[in-house]
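Per the working numbering, the sequence shown runs over residues 1422 to 1807. The structure appears right after this line, and notes come after that.
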Amino acid sequence: MPKPIMDPITEPNDFPGSRDCSYLDAANICLTYRGAQEATTEWFEQLALKGAQTFDGAAEESVFDSLHAAAARLFNAQPDDIAVGASATELLASLAWALAPGPESNIVGVDVTFPSTIYPWSRVARSTGSQVRFARATDGYVRLDDLIALIDRNTAVVCISEVEYSTGQRYDVAALAEAAHKDGALLIVDASQSAGAIPIDVAASGVDALVTASYKWLCGPFGVGVMYLAPHLQDKLDPGLVGFRSHKNIWDLDADRLEFSDTASRFEFSTMAYGCAVGLTASIDYLSRIDVGRIFDHNLLLADQLIAGLLERNAEILPPRNSSERTSIVAARIPGADSTTIAEHLKSQQIIVSARRDAVRFSPHLYNNPGDVTKALDALDSLLTK
Ligand SMILES: Cc1ncc(COP(=O)(O)O)c(C=O)c1O
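Printed below as a string of structure tokens:
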């Protein structure tokens, strides 16, 4: 396949790290958007210099307001539907304990999912006696019908990662929500591998809750995650993790009463590295300005170029191959060397990818261009023809 002609969708200074290498590893850790890094650093500098003189009670109370608004725009939700925490896993764990499905119920997941997506449920199930059911993957691929077939009247929760971290398989979230709701179950989505890479519309898909990490496709700093919680759940759940911020008036500070707010913010509970939330707001606003649909198209073109080049080198591309389930994550078994050797060789040539089990995982994002893919393919040739 000839190199596709593509207009860059980022400015060279937006991702300074992309000048020094071909970074094809967003599914692991993204390059941070410069504006996000600057906003985070500035916030911590200000705190170091001025402490509570500038970061006073009112500032702490409203510190998440702009992230609530930015994440709501990204997901087509309302600011009241958003909670901020220190990571996707933390928010998911608090949600799992809040729902705590009982002994007669089951939780449906996928056996190749990223452990953090399902461990919180397994832990709760150990305590309550509920059952965790896994849809089984074949060569990393899960049939949607197999997943749906596990849902029954005793299913309390279906919890999946919208995009599988190891293969890039994308699930039809709206179909899963419909299947879950038919049996009275909730659909909970881990969007850590989709937010920022794929347009998300919680109103259209009907998911009940969604969490995401910050440092993958959202190009934000470590140390922050966000959760969308559908309005019908917001005043019903007692979060699993609580602290002074859990009270609806965070400065109430009366230890003998705990009254939650009526919004998703009841899941916010402690003093966290607030500057990371400020940084994530900057990167979400930036991605929204570019438009996530445009980013998705850009990334898929790079993935197409990559797949064509890998097939020319007799690589085996892990499924899915059909367009509705594909993303820009491309996992390939490449004849002639194992995945770790390949990833290390590429790294020595300033091309960054991940080895995941026996496959090499490439995950191009908005700062990449066709030249990055060509460099990766050339570097493969230099290793394999040695
Ligand atoms: C699907 C998915 N969920 C969650 C995480 C990690 O989340 P956290 O930042 O909470 O560790 C990852 C990281 O690879 C992931 O792929």
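Even for Gly, the Cβ is constructed at its ideal location relative to N, Cα and C. In this text, all values refer to a predicted model and were calculated from it rather than measured experimentally.
- Per DSSP, the continuous beta strand (DSSP E) segment holding G1530 begins and ends at N1527 to V1531.
- In this structure, the alpha-carbon of Q1770 lies about 55 Å from that of L1679.
- In the three-state reduction of the DSSP assignment, R1591 falls in the strand class.
- Taking a cut-off of 8 Å on C-beta distances, the segment 1728-1748 touches the segment 1584-1594, as three or more cross pairs fall below it.
- Within the model, the alpha-carbon separation for A1601 versus D1446 is close to 33 Å.
- Going by DSSP, D1725 is part of the alpha helix (DSSP H) stretching over V1713 to E1733.
- Counting along the chain, no beta strand (DSSP E) covers F1643, and no H or E run does either.
- For G1456, the enclosing alpha helix (DSSP H) has its first and last residue at R1455 to K1471.
- Separation of the CB atoms of I1716 and L1662 is rounded to 32 Å, and the pair is thereby denied contact status at 8 Å.
- Excluding sequence positions up to five before and after P1660, its CB lies within less than 7 Å of the CB of S1515, A1519, S1667, R1687, F1688 and F1690, all in the same chain and listed in chain order.
- Remark: the shortest separation between the CB of F1535 and any heavy atom of ligand 1 falls under 7 Å.
- In this structure, S1526 lies away from S1487, with their beta-carbon atoms at least 8 Å apart.
- Nearest C-alpha to G1641 among T1559, Y1444, Y1454 and S1439: Y1454.
- In this structure S1784 touches I1750 by the C-beta definition: roughly 5 Å separates them, less than 8 Å.
- For Q1614, the shortest C-beta to heavy atom distance toward ligand 1 is below 7 Å.
- Bounds of any alpha helix (DSSP H) do not take in T1576; it lies within the beta strand (DSSP E) bounded by T1576 to S1582.
- When secondary structure is reduced to three states using DSSP, V1751 falls in the strand class.
- DSSP places T1806 in the coil class of the three-state scheme, outside both helix and strand.
- When DSSP states are grouped into helix, strand and coil, G1664 belongs to the coil group.
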